[in-house]
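Colleague: Take this structure first; my questions come after.
Number of protein chains: 2
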Amino acid sequence: MSRRMLLGAFVFHPGGAHVTGWRQPTSRPAEHLSIKHFRHFAQTAERGVFDTIFLADGLYFWDRYPSGVDHYGALRPEPFTLLSALSQVTEHIGLAATVSTTYNEPYHVARTLASLDHLSRGRAAWNLVTSRYDEEAKNFGGDSHLDHTRRYERGREFVDVVNGLLDSWDDDAIVADAESGIFADREKLHTLNHRGEFFDVRGPLNIARPPQGHPVLFQAGGSESGLELAAATADAVFARGGSLADSQAFYADLKARTERAGRDRDRLSILPSVMPVVGETREAARAEAEAILALTPDALILEAVSHTIGQDLAGRSADERFDYARDFDTSNETRSRSAVLDRLIAEGSATAREVYAWSFAQNTLTGTAADIADHLEERFENGAADGFVVQFPHLPGGIDAFVDDVIPELQRRGLTRTSYEEATLRERFGLERPARITA
Amino acid sequence: MSRRMLLGAFVFHPGGAHVTGWRQPTSRPAEHLSIKHFRHFAQTAERGVFDTIFLADGLYFWDRYPSGVDHYGALRPEPFTLLSALSQVTEHIGLAATVSTTYNEPYHVARTLASLDHLSRGRAAWNLVTSRYDEEAKNFGGDSHLDHTRRYERGREFVDVVNGLLDSWDDDAIVADAESGIFADREKLHTLNHRGEFFDVRGPLNIARPPQGHPVLFQAGGSESGLELAAATADAVFARGGSLADSQAFYADLKARTERAGRDRDRLSILPSVMPVVGETREAARAEAEAILALTPDALILEAVSHTIGQDLAGRSADERFDYARDFDTSNETRSRSAVLDRLIAEGSATAREVYAWSFAQNTLTGTAADIADHLEERFENGAADGFVVQFPHLPGGIDAFVDDVIPELQRRGLTRTSYEEATLRERFGLERPARITA
Numbered sequence: 110m111s112r113r114m115l116l117g118a119f120v121f122h123p124g125g126a127h128v129t130g131w132r133q134p135t136s137r138p139a140e141h142l143s144i145k146h147f148r149h150f151a152q153t154a155e156r157g158v159f160d161t162i163f164l165a166d167g168l169y170f171w172d173r174y175p176s177g178v179d180h181y182g183a184l185r186p187e188p189f190t191l192l193s194a195l196s197q198v199t200e201h202i203g204l205a206a207t208v209s210t211t212y213n214e215p216y217h218v219a220r221t222l223a224s225l226d227h228l229s230r231g232r233a234a235w236n237l238v239t240s241r242y243d244e245e246a247k248n249f250g251g252d253s254h255l256d257h258t259r260r261y262e263r264g265r266e267f268v269d270v271v272n273g274l275l276d277s278w279d280d281d282a283i284v285a286d287a288e289s290g291i292f293a294d295r296e297k298l299h300t301l302n303h304r305g306e307f308f309d310v311r312g313p314l315n316i317a318r319p320p321q322g323h324p325v326l327f328q329a330g331g332s333e334s335g336l337e338l339a340a341a342t343a344d345a346v347f348a349r350g351g352s353l354a355d356s357q358a359f360y361a362d363l364k365a366r367t368e369r370a371g372r373d374r375d376r377l378s379i380l381p382s383v384m385p386v387v388g389e390t391r392e393a394a395r396a397e398a399e400a401i402l403a404l405t406p407d408a409l410i411l412e413a414v415s416h417t418i419g420q421d422l423a424g425r426s427a428d429e430r431f432d433y434a435r436d437f438d439t440s441n442e443t444r445s446r447s448a449v450l451d452r453l454i455a456e457g458s459a460t461a462r463e464v465y466a467w468s469f470a471q472n473t474l475t476g477t478a479a480d481i482a483d484h485l486e487e488r489f490e491n492g493a494a495d496g497f498v499v500q501f502p503h504l505p506g507g508i509d510a511f512v513d514d515v516i517p518e519l520q521r522r523g524l525t526r527t528s529y530e531e532a533t534l535r536e537r538f539g540l541e542r543p544a545r546i547t548a
Numbered sequence: 110m111s112r113r114m115l116l117g118a119f120v121f122h123p124g125g126a127h128v129t130g131w132r133q134p135t136s137r138p139a140e141h142l143s144i145k146h147f148r149h150f151a152q153t154a155e156r157g158v159f160d161t162i163f164l165a166d167g168l169y170f171w172d173r174y175p176s177g178v179d180h181y182g183a184l185r186p187e188p189f190t191l192l193s194a195l196s197q198v199t200e201h202i203g204l205a206a207t208v209s210t211t212y213n214e215p216y217h218v219a220r221t222l223a224s225l226d227h228l229s230r231g232r233a234a235w236n237l238v239t240s241r242y243d244e245e246a247k248n249f250g251g252d253s254h255l256d257h258t259r260r261y262e263r264g265r266e267f268v269d270v271v272n273g274l275l276d277s278w279d280d281d282a283i284v285a286d287a288e289s290g291i292f293a294d295r296e297k298l299h300t301l302n303h304r305g306e307f308f309d310v311r312g313p314l315n316i317a318r319p320p321q322g323h324p325v326l327f328q329a330g331g332s333e334s335g336l337e338l339a340a341a342t343a344d345a346v347f348a349r350g351g352s353l354a355d356s357q358a359f360y361a362d363l364k365a366r367t368e369r370a371g372r373d374r375d376r377l378s379i380l381p382s383v384m385p386v387v388g389e390t391r392e393a394a395r396a397e398a399e400a401i402l403a404l405t406p407d408a409l410i411l412e413a414v415s416h417t418i419g420q421d422l423a424g425r426s427a428d429e430r431f432d433y434a435r436d437f438d439t440s441n442e443t444r445s446r447s448a449v450l451d452r453l454i455a456e457g458s459a460t461a462r463e464v465y466a467w468s469f470a471q472n473t474l475t476g477t478a479a480d481i482a483d484h485l486e487e488r489f490e491n492g493a494a495d496g497f498v499v500q501f502p503h504l505p506g507g508i509d510a511f512v513d514d515v516i517p518e519l520q521r522r523g524l525t526r527t528s529y530e531e532a533t534l535r536e537r538f539g540l541e542r543p544a545r546i547t548a
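Here it is, written out as structure tokens:
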């Protein structure tokens with residue numbers, strides 16, 4: 110089979126990636142914590158032959174600003190609990206959960222991953238994040254989050270411990286021979302005895318090596334530490350979207366880092382994020398995008414922009430023009446640099462509503478099914494992507510439209526699969542089942 | 110409806126409660142980590158109208174003795190992952206997971222419980238344990254386990270934090286009004302801000318209050334600290350089996366403690382453990398029990414008895430007679446006092462095979478369906494039990510036999526339900542949905 114586009118179906122909030130997606134006419138917010146809602150999502154993604162579903166997560170409720178409570182549809186089930194339930198109402202699709210390596214213990218995570226992998230027959234994946242909010246630290250006994258570099262050092266050791274625990278038992282260690290009474294071959298059991306900077310973990314794990322050996326490992330970090338960790342350990346990277354040139358540069362850089370880390374460049378798949386807004390015509394798509402934006406309350410716009418620029422706009426109007434360079438302390442280093450911030454710095458002045466609309470436009474891809482397929486194909490064929498993590502501004506409308514309209518177009522072009530063939534998610538990512546790591 | 114027996118269906122190991130249950134002719138050890146095996150278990154329990162399934166757990170693999178690896182079928186999926194999958198292949202039965210309060214964080218546990226409760230529409234339960242093995246400590250950065258009293262102090266605070274987090278949102282806090290754009294009522298959000306001896310947890314939880322409010326809380330500890338914790342916080346206690354008089358004494362004591370803790374005695378259900386071995390005749394049942402024992406290798410017998418008596422019998426024969434009082438240091442306080450140990454102390458001398466057989470007989474209830482129903486009825490009607498946690502020496506044979514033979518007998522006597530009526534597990538336990546706890 111020729112190279113084909115890998116596709117992940119992303120859930121940010123149950124109502125979709127846009128914070129007020131829950132207000133859309135097709136949304137059913139009363140069902141956002143029920144299996145019915147997510148079953149429809151997963152089964153629709155499977156109908157579209159997506160490779161995996163992919164659940165965002167955070168270990169906090171975003172109450173820093175009042176709009177987070179008033180308007181933001183940000184409640185969600187715990188990802189592994191949800192994916193395990195979904196494993197029983199789907200047959201083929203991958204099941205990827207976001208996991209914080211800062212606020213978890215590797216023994217629990219290795220067990221849970223192995224359990225999901227056994228129960229789903231080889232469909233488990235995890236997306237390593239290091240958790241950056243003080244709100245998260247405060248739910249786990251801390252007052253503020255660990256330093257960025259330390260978080261990634263911990264993440265690196267976390268991956269080693271998880272993989273070591275997953276390798277506690279050789280693939281053929283469990284004999285279970287009723288006749289002789291031998292359950293396991295003692296020579297094929299490996300006690301990890303890990304003693305590291307962040308973790309002391311003896312092992313062995315109390316579950317057999319899972320079908321995939323090591324469940325597929327995603328990462329998303331774009332920082333220097335994040336890229337180095339991904340190059341050394343990840344199977345796939347969930348990357349920021351952007352211009353073709355930016356995506357090509359990111360792709361080339363990360364593939365080169367992967368080679369420098371001593372790994373095959375094809376071993377790591379790079380999947381930029383896209384958030385399509387599909388319409389039968391371009392006008393219809395634009396109208397849909399405007400309708401999504403129009404349902405964003407001003408208070409939320411002001412507080413979201415306050416957060417992006419690292420300054421409090423409370424009490425201002427969403428239509429008041431502010432001068433970025435003049436009004437604010439631009440030396441604030443806690444903000445993560447974004448295309449929106451770049452543009453604001455370049456433009457000099459803007460209203461909060463304009464900034465929010467730029468940000469939305471920056472993160473969405475609005476057009477017909479053919480326009481969207483063109484965009485994806487261009488990146489896929491020109492060294493910018495091995496596939497995509499598709500976000501939906503609202504659910505279930507967003508994934509319904511994508512699977513009904515865009516997927517058939519991608520399939521007609523021979524870019525995406527039309528049926529599931531491989532048995533496990535790793536195989537679908539073109540990865541061998543890893544041999545046990547021996548120290 | 111008159112008072113009726115509560116029933117839990119227990120999974121100790123996937124192969125059953127006896128460590129070599131996996132060797133039985135009906136066992137399929139190659140399927141012990143697959144959904145197929147547990148789906149059959151859960152659906153059979155539901156066919157028998159059990160109130161809940163109940164999963165044991167441990168955060169270690171028992172490799173202290175070689176027999177733990179060689180003969181012991183002790184690999185298992187992580188309980189919440191398994192229960193969440195089972196929530197989609199069952200309709201009514203409760204889903205109880207064992208949770209260590211020593212090696213978990215309350216924020217994770219509260220989220221996972223709430224998620225399972227939402228996805229199962231009110232069927233989640235947890236069984237609080239404090240983890241007593243050094244093998245567990247060593248998987249979480251420690252060298253040896255916390256002192257017993259400290260573990261229970263931590264457990265008590267853990268319950269308070271979990272309940273506080275579950276109460277982050279009032280039941281009617283989530284408005285999700287598409288028209289106005291109001292997602293949640295800010296006045297009905299409660300930030301926990303817990304600062305305690307073991308935990309600092311800010312909250313709020315990022316999931317709505319679950320259908321049961323607080324999922325059903327089981328406890329199993331029989332120590333002074335364990336009983337006091339149960340009296341103060343538990344909805345149900347999984348108790349040791351024993352003679353009628355012992356069970357009555359335990360029942361009366363724990364109900365009195367519950368009243369002293371300021372709670373209604375009917376608020377706490379006491380469910381002793383029973384492990385039936387059923388036969389069409391008493392002879393058939395005895396033959397079945399002997400067949401289970403006969404498949405226990407001598408090495409496992411010697412090491413299990415070594416562990417019970419706290420002394421190493423390695424190199425002895427299972428048929429060699431030893432003198433307990435003469436040969437061993439009986440001052441060893443790390444052993445937990447058991448009926449078997451009591452008997453050994455009283456008898457003075459025994460072989461390891463005899464000790465193992467006593468222990469097995471002590472923990473099993475061998476007879477016809479009528480004998481077993483008589484035993485359960487006697488305890489239920491005479492102040493010794495509100496129901497039972499039923500263990501099965503091997504699976505799936507043990508639960509198949511119980512549901513086919515014993516359940517119809519209990520139903521004929523009007524002791525157990527014949528269909529599910531209440532919507533949630535709490536209701537089945539006769540418990541109100543708790544109001545939010547206000548500080």
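Chains as they are written, first to last, in this note's numbering: chain W, 110 to 548; chain U, 110 to 548.
C-beta atoms are modelled at their ideal positions from N, C-alpha and C, and glycine is treated no differently.
No experiment lies behind these values; they were computed from the predicted model shown.
1. So is U/A470 in contact with chain W if we call contact Cβ pairs under 8 Å?
2. Spatial neighbours of U/T443 within its chain, please: C-beta separation below 8 Å, excluding the five flanking residues on both sides.
3. Have a look at W/Y181 and U/A293 and give me their C-alpha separation to the nearest angstrom.
4. For W/D256, name the three-state secondary structure that DSSP assigns.
5. Would you report the Cα separation of U/P517 and U/T153, rounded to the nearest angstrom?
6. In whole angstroms, give me the CA-to-CA distance for W/Y169 and W/L524.
7. So, at 7 Å on beta carbons, what are the nonlocal neighbours of W/R113 in its own chain, with the 5 sequence-adjacent residues on each side left out?
8. What residues in the region 215–228 of chain W have a beta carbon less than 7 Å from any beta carbon of chain U?
9. Taking only beta-carbon positions, decide if U/L314 is within less than 8 Å of chain A.
10. Can you tell me where the beta strand (DSSP E) holding W/F121 begins and where it ends?
11. Are the CB atoms of W/F538 and W/D344 within a distance shorter than 8 Å?
12. For U/D256 and U/A478, I'd like the C-alpha separation in whole angstroms.
13. Give me the subset of the region 321–335 of chain U whose CB atoms are less than 7 Å from a CB atom of chain W, sorted by chain position.
14. For the candidate residues W/S253, W/A246 and W/F308, whose alpha-carbon lies nearest to that of W/G273?
15. Name, please, each residue of chain W whose Cβ falls closer than 7 Å to the Cβ of U/D309.
16. Enumerate in chain order the residues of its own chain whose CB-to-CB distance from U/D160 is below 6 Å, with the five nearest sequence positions on each side excluded.
17. Which term fits W/N472, buried or exposed, when burial requires 16 or more other beta carbons within 10 angstroms of its beta carbon?
18. So who's on the other strand from U/D279, going by DSSP bridges?
19. Going by DSSP, which residues form a beta bridge with U/H303?
20. Whole angstroms are fine: how far does the CA of U/P385 sit from the CA of U/E510?
21. Give me the Cα-Cα distance between U/S224 and U/S415, rounded to the nearest whole angstrom.
22. Report the residue ranges of all beta strand (DSSP E) runs contained in full by the region 401–455 of chain W; include only those spanning at least 3 residues, in chain order.
23. Could you tell me whether any Cβ in chain W is nearer than 8 Å to the Cβ of U/T443?
24. Should W/D279 be flagged as near chain U, meaning a C-beta pair shorter than 8 Å?
25. State yes or no: is the beta carbon of W/W131 nearer than 8 Å to at least one beta carbon in chain U?
26. For W/G117, list the residues DSSP reports as bridge partners.
27. Under 9 Å, CB to CB, which of the residues in the region 189–206 of chain U have a partner in chain W?
28. Considering only residues of the same chain and omitting the five flanking positions on each side of U/I508, which have a CB-CB separation below 7 Å?
29. Run through chain U and tell me which residues come within less than 7 Å of W/F292, C-beta to C-beta.
30. Please go through the same chain and pick out, in chain order, the residues whose beta-carbon is closer than 6 Å to the beta-carbon of W/V270, but skip the five residues on each side of it.
31. Beta-carbon separation of U/E359 and U/A205 under 8 Å?
32. Exposed or buried, U/S68, counting other C-beta atoms within 10 Å across all chains shown (16 or more means buried)?
33. When the Cα atoms are used, what is the spatial distance from W/L353 to W/A544?
34. Starting from the C-beta of W/N491, find all residues in its chain whose C-beta is less than 8 Å away, skip the five residues before and the five after it, and write them out in chain order.
35. How should U/I401 be labelled, buried or exposed, when 16 other C-beta atoms within 10 angstroms of its C-beta is the threshold for buried?
Modeller: In short, the structure shows the following:
1. For this step, residue 470 of chain U is matched to residue 361 along the second sequence. Chain W, which has no Cβ nearer than 8 Å to the Cβ of U/A470, makes this no.
2. Stepping through the second sequence from its first residue, residue 443 of chain U is reached at position 334. Its pLDDT being 48, under 50, U/T443 is placed unreliably by the model, and the measurement read from it follows with that caveat. These residues qualify, in order along the chain: G419.
3. For the purposes of this step, residue 181 of chain W is taken as residue 72 along the first sequence, with counting starting at 1. For the purposes of this step, residue 293 of chain U is taken as residue 184 along the second sequence, with counting starting at 1. Going by the C-alpha atoms only, they are around 8 Å apart.
4. Against the first sequence, residue 256 of chain W aligns to sequence position 147. Coil.
5. Within the second sequence, residue 517 of chain U is the residue found at index 408, counting from 1. Within the second sequence, residue 153 of chain U is the residue found at index 44, counting from 1. Straight-line Cα distance between these residues: approximately 13 Å.
6. Position 60 of the first sequence, counted from the first residue, corresponds to residue 169 of chain W. Position 415 of the first sequence, counted from the first residue, corresponds to residue 524 of chain W. Roughly 38 Å between the two C-alpha positions.
7. Stepping through the first sequence from its first residue, residue 113 of chain W is reached at position 4. For W/R113, where only same-chain residues beyond five positions count, the Cβ hits under 7 Å are L524, T525 and R526.
8. From the region 215–228 of chain W, only Y216, R220, T221, S224, L225, H227 and L228 have a Cβ closer than 7 Å to chain U.
9. Absent from the structure is chain A; the protein chains it does hold are W and U.
10. In the first sequence, residue 121 of chain W corresponds to position 12, counting from 1. W/F121 -> no beta strand (DSSP E), and no H or E assigned at all.
11. The sequence position of residue 344 of chain W within the first sequence is 235, counting from 1. The sequence position of residue 538 of chain W within the first sequence is 429, counting from 1. Going by C-beta atoms, W/D344 is nearer than 8 Å to W/F538.
12. In the second sequence, the residue the question calls residue 256 of chain U occupies position 147. In the second sequence, the residue the question calls residue 478 of chain U occupies position 369. Computed Cα separation, rounded: 43 Å.
13. none
14. Walking along the first sequence from the start, residue 273 of chain W turns up at place 164. Comparing Cα-Cα distances from W/G273 to each of W/S253, W/A246 and W/F308, the minimum goes to W/F308.
15. As a position in the second sequence, residue 309 of chain U is number 200, starting the count at 1. Residues of chain W passing the Cβ test: G250.
16. Within the second sequence, residue 160 of chain U is the residue found at index 51, counting from 1. Within its own chain, the residues whose Cβ lies closer than 6 Å to the Cβ of U/D160, once the five positions on either side in sequence are excluded, are L115, L116, G203 and R537, listed in chain order.
17. Here residue 472 of chain W corresponds to residue number 363 of the first sequence, with the count starting at 1. So W/N472 ends up on the buried side.
18. One-based indexing of the second sequence puts residue 279 of chain U at position 170. DSSP output for U/D279 lists no bridge partner at all.
19. For this step, residue 303 of chain U is matched to residue 194 along the second sequence. For U/H303, which the question treats as bridged, DSSP gives the partners U/V310.
20. Translated into the one-based positions of the second sequence, residue 510 of chain U becomes position 401. Translated into the one-based positions of the second sequence, residue 385 of chain U becomes position 276. According to the sequence provided, residue 510 of chain U is Ala. The question's Glu does not apply to it. Those two C-alpha atoms are separated by around 10 Å.
21. To locate residue 224 of chain U, count along the second sequence from 1; it is residue 115. To locate residue 415 of chain U, count along the second sequence from 1; it is residue 306. Rounded to the nearest angstrom, the two C-alpha atoms are 42 Å apart.
22. 430–432
23. Position 334 of the second sequence holds residue 443 of chain U. Only weak support exists for where U/T443 lies, its pLDDT of 48 falling under 50; the coordinates are left without a value.
24. Numbered from its first residue, the first sequence carries residue 279 of chain W at position 170. Not closer than 8 Å to any Cβ of chain U, the Cβ of W/D279 fails to qualify, so no.
25. Position 22 of the first sequence, counting from 1, holds the residue named residue 131 of chain W. True, the Cβ-Cβ gap to chain U drops below 8 Å.
26. Residue 117 of chain W sits at position 8 when you count from the first residue of the first sequence. Answer by DSSP bridge pairing, in chain order: W/T161 and W/V498.
27. F189, T190, L191, L192, S193, A194, L195, S196, Q197 and V198
28. Within the second sequence, residue 508 of chain U is the residue found at index 399, counting from 1. A118, F150, T153, A154 and F501, listed in sequence order.
29. Here residue 292 of chain W corresponds to residue number 183 of the first sequence, with the count starting at 1. Chain-order list of chain U residues neighbouring W/F292: W131, D179, H180, Y181 and G182, by C-beta distance under 7 Å.
30. To locate residue 270 of chain W, count along the first sequence from 1; it is residue 161. Excluding sequence neighbours, W/V270 sits near P215, H303, F308 and V310.
31. Taking the second sequence and counting its residues from 1, the one referred to as residue 359 of chain U is at position 250. Taking the second sequence and counting its residues from 1, the one referred to as residue 205 of chain U is at position 96. According to the sequence provided, residue 359 of chain U is Phe. The question's Glu does not apply to it. Contact: no.
32. Here chain U comprises residues numbered 110 to 548, so residue 68 of chain U is not present and cannot be evaluated.
33. Along the first sequence, one-based indexing puts residue 353 of chain W at 244. Along the first sequence, one-based indexing puts residue 544 of chain W at 435. Taking the straight line from one Cα to the other gives about 37 Å.
34. Counting from 1 along the first sequence, the entry for residue 491 of chain W is found at position 382. Excluding the 5 residues flanking it on each side, W/N491 has same chain C-beta neighbours closer than 8 Å at L353 and Q357, in chain order.
35. Numbered from 1 along the second sequence, position 292 holds the residue referred to as residue 401 of chain U. Burial call: buried.
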